[in-house]
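Below: one structure, written as structure tokens.
Number of protein chains: 2
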Amino acid sequence: MITTDNRDETKDRILDAALKRFIHFGAGKTTMNEIAEDLRCSKASLYYYFPDKQGLHLAVLEKISEHLFQTMEERLVEMKKATDTLLDFIAIKYEFGCKFFRLEIFKLIQEKKMITPQQFRAFRDREHKLFTRIFEFGNDQGEFHLKRPATEIASLYQDVLEGVRYVASDGLPVIEIPNEDFFAKIVAKQRAIAQIFINGLKYKD
Amino acid sequence: MITTDNRDETKDRILDAALKRFIHFGAGKTTMNEIAEDLRCSKASLYYYFPDKQGLHLAVLEKISEHLFQTMEERLVEMKKATDTLLDFIAIKYEFGCKFFRLEIFKLIQEKKMITPQQFRAFRDREHKLFTRIFEFGNDQGEFHLKRPATEIASLYQDVLEGVRYVASDGLPVIEIPNEDFFAKIVAKQRAIAQIFINGLKYKD
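From first to last, the protein sequence lines stand for chains Y and B.
Going by the numbering used here, 77 is the number at position 77 of the first sequence; the sequence numbering is gapless.
Converting from the second sequence to the numbering used here requires adding 1000 to each position, the first position being numbered 1.
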């Protein structure tokens, strides 16, 4: 008899196997067959859990973004200085982006196919709550001197960091899929901008 | 005999008439016929200067962006505080954007038809020089304490302000043509971000 625990465990094993394949060979090039072979299970049992590759791909993305949020939330618990946590978050997201480049997340977001604007918004809202807590913490500790509510600062911060992703050096929006080099360039810019933004919050009139 | 002076004068009169029409009725809805009527000249003489509406439209845009730059450059000459000039520039560009909304600049930029990436880059480069001078001035006067070269700060500042234009509240790039309300919302965000960015430059470790 398959219990809920068993089912969750099998699902997790499938997600891990798919993730490994996706990272090594790219999500587009991986077949359901290959994943079944890696797991030494029949295609039928794989399809029982994930009727198609798109569903599996999405489940993998959900799992790793859950992991990303957990990492960020843990960092929040042990926060001592808001500045350090903000810069940590950029590093964590960069690492996440590099590791999972082959999961074709950027492609999916831009195609607006599998990842809907609603899902994207949910991601942003969750991140917004984390940033709000960091800015509040920094203000309470006297590290920042906020002239606007922390929730508004968090939105502006998100807009600023997200915004540079779409601005190429000629200022036209980049809607192409970024390659590794371009991604690294964007993150370097985010870091420089975050530093100025953070100093702006430290500034006391 | 048509002298160069005469020709320039006639061209200018045509551009002024076209601009008036464009602002009132929109560039798309204006015909070459209507412009000729406003000028009380024959269509033939209008077409002598501008063989098609697209060329006329582009010439109008060049004229008004030249005017925008001249306004900004004059402001630079009388600069007393870098902060004031930076905030002035946002106001000047907003006024420019509102006044010339019907010139369908945003549409042209996004369609990448009439305004090429090269032209866009030239615009950005010229603006970059102005910003660099403001940041240098602020640093020289002790108003700012730059931790990076003024030219790099200027690029980051441009990226930040341009970037928010493409970030909707859900973080997906907005490639639709902004309406008046959306435009006002973006500029309010730019103002808030500019203030934090500027304070970041004032901050002394």
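In this text, a Cβ means the ideal position worked out from N, Cα and C, and glycines have one as well.
For residue i, does the count of other Cβ atoms within 10 angstroms reach 16, so buried, or fall short, so exposed?
{"i": "B:E1045", "result": "One point to set straight first is that residue 1045 of chain B is Ser, not Glu, in the sequence displayed. Answer is exposed; the Cβ neighbour count stays below 16."}
{"i": "Y:N199", "result": "buried"}
{"i": "B:V1164", "result": "buried"}
{"i": "B:Y1047", "result": "exposed"}
{"i": "Y:G138", "result": "buried"}
{"i": "B:D1159", "result": "buried"}
{"i": "B:R1040", "result": "exposed"}
{"i": "B:T1116", "result": "exposed"}
{"i": "B:A1122", "result": "exposed"}
Could you tell me the distance, in whole angstroms, from the CA atom of residue i to the CA atom of residue j?
{"i": "Y:Q70", "j": "Y:I196", "result": "27 Å"}
{"i": "Y:Q118", "j": "Y:C98", "result": "24 Å"}
{"i": "B:A1194", "j": "B:D1205", "result": "20 Å"}
{"i": "Y:K29", "j": "Y:L15", "result": "16 Å"}
{"i": "Y:P51", "j": "Y:D88", "result": "38 Å"}
{"i": "B:E1057", "j": "B:Q1190", "result": "Note that residue 1057 of chain B corresponds to His in the displayed sequence, not to Glu. About 28 Å."}
{"i": "B:L1061", "j": "B:E1037", "result": "21 Å"}
{"i": "Y:T132", "j": "B:E1180", "result": "29 Å"}
{"i": "Y:N282", "j": "Y:E74", "result": "A question about residue 282 of chain Y goes unanswered here, because the residues of chain Y that appear run from 1 up to 205."}
{"i": "Y:E78", "j": "Y:Y203", "result": "25 Å"}
{"i": "Y:G55", "j": "Y:R124", "result": "22 Å"}
{"i": "B:L1076", "j": "B:E1152", "result": "19 Å"}
{"i": "B:T1083", "j": "Y:T83", "result": "25 Å"}
{"i": "B:K1043", "j": "B:L1019", "result": "17 Å"}
{"i": "Y:K80", "j": "Y:D140", "result": "12 Å"}
{"i": "Y:R13", "j": "Y:E66", "result": "16 Å"}
{"i": "Y:F120", "j": "Y:R126", "result": "10 Å"}
{"i": "Y:I23", "j": "Y:F182", "result": "19 Å"}
{"i": "B:G1142", "j": "Y:G142", "result": "25 Å"}
{"i": "Y:A59", "j": "B:A1059", "result": "53 Å"}
Taking a contact to mean a Cβ-Cβ separation below 8 Å, would you say residue i touches residue j in this structure?
{"i": "Y:H128", "j": "Y:A154", "result": "yes"}
{"i": "B:M1072", "j": "B:L1130", "result": "yes"}
{"i": "B:A1150", "j": "B:E1136", "result": "yes"}
{"i": "B:V1187", "j": "B:Y1094", "result": "yes"}
{"i": "Y:M32", "j": "Y:K53", "result": "yes"}
{"i": "Y:Y166", "j": "B:Y1157", "result": "no"}
{"i": "Y:A17", "j": "Y:L103", "result": "no"}
{"i": "Y:I64", "j": "Y:F100", "result": "yes"}
{"i": "Y:F144", "j": "Y:L86", "result": "no"}
{"i": "B:E1034", "j": "B:R1021", "result": "yes"}
{"i": "B:R1148", "j": "Y:A192", "result": "yes"}
{"i": "B:F1096", "j": "B:L1068", "result": "yes"}
Whose Cβ in chain Y lies nearer than 8 Å to the Cβ of residue i?
{"i": "B:V1164", "result": "D159, V160, G163"}
{"i": "B:R1148", "result": "A192"}
What residues of chain B sit near residue i, judged by a beta carbon separation below 9 Å?
{"i": "Y:L156", "result": "V1164, K1189, A1192, I1193, I1196"}
Mind listing the chain Y neighbours of residue i? Cutoff is C-beta to C-beta under 7 Å, in chain order.
{"i": "B:N1199", "result": "G200, Y203"}
Mind listing the chain Y neighbours of residue i? Cutoff is C-beta to C-beta under 9 Å, in chain order.
{"i": "B:V1167", "result": "Q158, D159, V160, E162, G163, R165, Y166"}
Interface residues of chain B around residue i at Cβ under 7 Å?
{"i": "Y:R126", "result": "Those within 7 Å of Y:R126 in chain B number zero; the least Cβ separation is about 12 Å."}
Check whether the Cβ of residue i lies closer than 7 Å to any heavy atom of the ligand FMN, and answer yes or no.
{"i": "B:L1039", "result": "Questions concerning the ligand FMN fall outside what the structure shown contains, since it holds no ligand whatsoever."}
Quick check on the DSSP output: what are the complete beta strand (DSSP E) runs of length 3 or more inside the stretch 136-203 of chain Y, in order along the chain?
Qualifying beta strand (DSSP E) stretches: none in this window.
Please give the ranges of any alpha helix (DSSP H) in the stretch 1034-1059 of chain B, keeping only runs that are unbroken, at least 4 residues long and fully inside the region.
The qualifying runs are 1043-1049.
In chain order, what are the residue ranges of uninterrupted alpha helix (DSSP H) at least 4 long that sit wholly in the stretch 70-101 of chain Y?
Listed in chain order, the complete alpha helix (DSSP H) runs (minimum 4 residues) inside the stretch 70-101 of chain Y are 82-99.
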